[in-house]
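Q: This is the structure I have questions about; it appears just below.
Number of protein chains: 2
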Amino acid sequence: MNPTAAILVIGDEILSGRTRDSNLHFLAQELARVGIDLREARVVPDRHAVIVEAVRALAGAHDHVFTSGGIGPTHDDITADAVAEAMGVALSVRDDARAVLRAHYDRMGVEMNEARLRMARVPEGATLIENPVSAAPGFSVGNVHVMAGVPRIFEAMVAGLLPRLTGGTPLLSQSYRIQRGEGEIAGPLSDLAAAYPDLTMGSYPFQQNGAFGANVVIRGADGARVNEAMTRLAALFPE
Amino acid sequence: MNPTAAILVIGDEILSGRTRDSNLHFLAQELARVGIDLREARVVPDRHAVIVEAVRALAGAHDHVFTSGGIGPTHDDITADAVAEAMGVALSVRDDARAVLRAHYDRMGVEMNEARLRMARVPEGATLIENPVSAAPGFSVGNVHVMAGVPRIFEAMVAGLLPRLTGGTPLLSQSYRIQRGEGEIAGPLSDLAAAYPDLTMGSYPFQQNGAFGANVVIRGADGARVNEAMTRLAALFPE
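Just so you know, the sequences run in chain order A and B. Numbers in our numbering are just positions in the first sequence, counted from 1, shifted up by 14. Numbers in our numbering are just positions in the second sequence, counted from 1, shifted up by 14.
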């Protein structure tokens, strides 16, 4: 069994329609590559109690929870506080995190003020996640991995974090394009899916030049089984 | 108080990284326009029990739940069954839904088979949501609005559905671009936010040509208050 995971995207700007999230899609692709099964995603606003509840629910249900957003220096950055509360541990400025920030600000010639120091606050027992873009670290506490919302920083943090986690069998998938409407292929496809309970088969309709078609995706951990099912699918619906 | 809402995106293809969802972002923008507050988003796989649980949780917590995906004719389209179970009502082929489909297939010269007839199954007491793209309707049952996952169809269904729902006060927002790092503006911004508890202020950092900056967004229902706070913000951080 592969480890399971959820992503929690935190930020009013996603729910208000101001910003289109890209971290969910990026993480989904990265996790598929290393064999961690992304089972759920949630987006919640910048509200302490809501974040605490979501972190608790997801951390209890999955092997890993990845969060995105809310770890900057401004008043609306409340993720660290909420995660610490959800995990039942204290939050305080830690020397190693402060040293990372101080070195960065020294290089840039700006002072370390109170707001910037907030970004050195880390829950007790956490492991830092490196931020090669703007220094302020993310952290892992228990099975919760807390990262920045800015896509470039989130992506860099994921690249640093994933090699630390134990993956599983990457999900293999093959896709087959069929130039018939879903209503036409649904019956035979359903029978095929029933014959391969160890695989999942998804049908994704499209319309092109007025004609209906569907991309059928077969996914599974065993490449030989995926091949076999794909061969039968192609025989059912020759090009 | 504005009505509240959640969106539930259903589909393995989003969590596997195959497809990047766009319905969440589209709906967020549309709801902001009509004054319905989107409070939460979830993405779940094509698993019956998981969908049932998510629909129940969200329908109990919000005035409206909008779902996307899983209402086509293939075996992986299980949303209607799951929503009917979550709402505790029966699901069966309904004459008006069947008539809509039959007219569409007659026009296209294809037969109404068993798979296509599945798309006429509607929970007891539901109201149909028109599908001007490919006929197969969505439906509203209780406070749950079930729509297709294909973006073009989802968007057309939302356009038909929203005028039926009672909106609230649209959230107004203004944005101000500040050419300083978040660590610099965080202190004064926090004081300003505390002085306007009826507004929300979000800070969204960016980096351009090596320099750090932030877009500060002030949101609220009262335009005069948003104006006033924005004037004070601009005075704090002149261009």
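Think of the CB as a built atom: it goes at the ideal place given N, C-alpha and C, for glycine as much as any other residue.
Can you list the residues of chain B that residue 214 of chain A reaches, using a CB-CB cut of under 7 Å?
A: 26, listed in chain order.
Q: Please confirm if residue 190 of chain A has its CB atom under 8 Å from at least one CB of chain B.
A: It does not: the Cβ of residue 190 of chain A has no partner Cβ on chain B nearer than 8 Å.
Q: Scan the stretch 71-104 of chain B for residues whose Cβ lies nearer than 7 Å to a Cβ of chain A and list them as they occur along the chain.
A: Listed by position, the residues of the stretch 71-104 of chain B near chain A (Cβ gap below 7 Å) are 86, 87, 88, 89 and 90.
Q: Beta carbons nearer than 9 Å to chain A: which residues of the stretch 38-54 of chain B have them?
A: Within the stretch 38-54 of chain B, the residues whose Cβ lies closer than 9 Å to some Cβ of chain A are 38, 39, 40, 41, 42, 43, 44, 45, 46, 47, 51, 52, 53 and 54, listed in chain order.
Q: Using a cut-off of 9 Å between C-beta atoms, extract the partners of residue 56 of chain A located in chain B.
A: Those within 9 Å of residue 56 of chain A in chain B are 54, 55, 56 and 57.
Q: If you run the structure through DSSP and keep just helix, strand and coil, what is residue 161 of chain B?
A: Here residue 161 of chain B sits in strand by DSSP.
Q: For residue 175 of chain B, which option in B:190, B:158 and B:56 has the closest C-alpha, if you only look at C-alpha atoms?
A: Nearest of B:190, B:158 and B:56 to residue 175 of chain B, Cα basis: B:158.
Q: Nearer than 7 Å: is that true of the beta carbon of residue 208 of chain B relative to any heavy atom of the ligand ZN?
A: Here there are no bound small molecules, and the ligand ZN is not part of this structure.
Q: Applying a beta-carbon distance threshold of less than 9 Å, which residues of chain A neighbour residue 127 of chain B?
A: By Cβ distance, chain A contributes 197, 198, 200 and 201.
Q: On a CA-only basis, which of A:127, A:163, A:180 and A:113 is nearest residue 26 of chain A? Give me that one, please.
A: When only C-alpha atoms are compared, the closest one is A:163.
Q: Residue 115 of chain B and residue 134 of chain B look like a contact to me (Cβ under 8 Å); what is the Cβ gap, rounded to whole Å?
A: Confirmed, Cβ separation roughly 5 Å.
Q: Between the alpha carbons of residue 109 of chain A and residue 139 of chain A, how many angstroms are there, rounded?
A: Going from the Cα of residue 109 of chain A to the Cα of residue 139 of chain A covers about 13 Å.
Q: Does any C-beta atom of chain B lie closer than 8 Å to the C-beta of residue 29 of chain A?
A: Interface residue, yes.
Q: For residue 160 of chain B, which option in B:60, B:16, B:21 and B:15 has the closest C-alpha, if you only look at C-alpha atoms?
A: Nearest C-alpha to residue 160 of chain B: B:21.
Q: Please look up how many angstroms separate the CB atoms of residue 87 of chain B and residue 129 of chain B, rounded, as I've assumed it's under 8 Å.
A: About 4 Å; that satisfies the 8 Å criterion.
Q: Taking residue 207 of chain B as the query, report the chain A residues whose CB atoms sit under 7 Å from its CB, ordered along the chain.
A: In chain order: 89.
Q: Threshold first: 3 residues or longer. Then list the beta strand (DSSP E) segments lying entirely within the stretch 30-77 of chain A, N to C.
A: Within the stretch 30-77 of chain A, the complete beta strand (DSSP E) runs of at least 3 residues are 51-58.
Q: Got a sec? Which residues, its chain only, sit under 7 Å from residue 246 of chain B by beta carbon, not counting five neighbours each side?
A: Excluding sequence neighbours, residue 246 of chain B sits near 206.
Q: Relative to chain B, which residues along the stretch 147-165 of chain A have a C-beta separation below 7 Å, given in chain order?
A: Result list: 164.
Q: From which residue to which residue does the beta strand (DSSP E) around residue 135 of chain A run?
A: Start and end: 135-137.
Q: Measuring CB atoms only, is the stretch 93-100 of chain A touching the stretch 61-73 of chain A, in the sense that at least three cross pairs come out at less than 8 Å?
A: The stretch 93-100 of chain A vs the stretch 61-73 of chain A: in contact.
Q: What is the DSSP secondary structure of residue 204 of chain A, reduced to helix, strand or coil?
A: Three-state DSSP puts residue 204 of chain A in a helix.
Q: Can you name, in chain order, every residue of its own chain whose Cβ lies under 8 Å from the Cβ of residue 166 of chain B, other than the five neighbours on each side?
A: Taken in chain order, the residues that qualify are 147.
Q: Between the C-alpha atoms of residue 63 of chain A and residue 125 of chain B, what's the straight-line distance to the nearest angstrom?
A: Using only the alpha carbons, I get a separation of about 53 Å.
Q: Closest Cβ-Cβ distance between residue 233 of chain A and chain B: below 8 Å?
A: Yes, contact with chain B.
Q: Buried or exposed: where does residue 145 of chain B fall if 16 or more other Cβ atoms within 10 Å of its Cβ makes it buried?
A: With 16 or more other Cβ atoms within 10 Å, it is buried.
Q: Compare the C-beta of residue 137 of chain A against all C-beta atoms of chain B and say whether one is closer than 8 Å.
A: Taking Cβ atoms only, chain B never reaches closer than 8 Å to residue 137 of chain A, which makes this a no.
Q: Quick one: list the residues of chain A neighbouring residue 219 of chain B, beta-carbon separation under 7 Å, in chain order.
A: Correct list: 86 and 164.
Q: Rounded to the nearest angstrom, how far is the Cβ of residue 38 of chain B from that of residue 59 of chain B, given a contact under 8 Å?
A: Not really, about 16 Å apart at Cβ, beyond 8 Å.
Q: Select from A:76, A:34 and A:35 the residue whose C-alpha is nearest the C-alpha of residue 54 of chain A.
A: Residue A:76 is the option with its Cα nearest to residue 54 of chain A.
Q: From which residue to which residue does the alpha helix (DSSP H) around residue 97 of chain B run?
A: Per DSSP, residue 97 of chain B belongs to the alpha helix (DSSP H) from 93-101.
Q: According to DSSP, what are the bridge partners of residue 227 of chain A?
A: Bridge partners of residue 227 of chain A: A:220.
Q: Cα-Cα, which of A:48, A:40 and A:43 is closest to residue 177 of chain A?
A: It is A:48.
Q: Based on Cα-Cα distance, which residue from B:18, B:51 and B:23 lies nearest to residue 185 of chain B?
A: For residue 185 of chain B, the nearest C-alpha among the options comes from B:51.
Q: Residue 204 of chain B to residue 191 of chain B, Cα distance in whole Å?
A: Going from the Cα of residue 204 of chain B to the Cα of residue 191 of chain B covers about 16 Å.
Q: In this structure, does DSSP put residue 152 of chain A in helix, strand or coil?
A: Residue 152 of chain A falls in the strand class under three-state DSSP.
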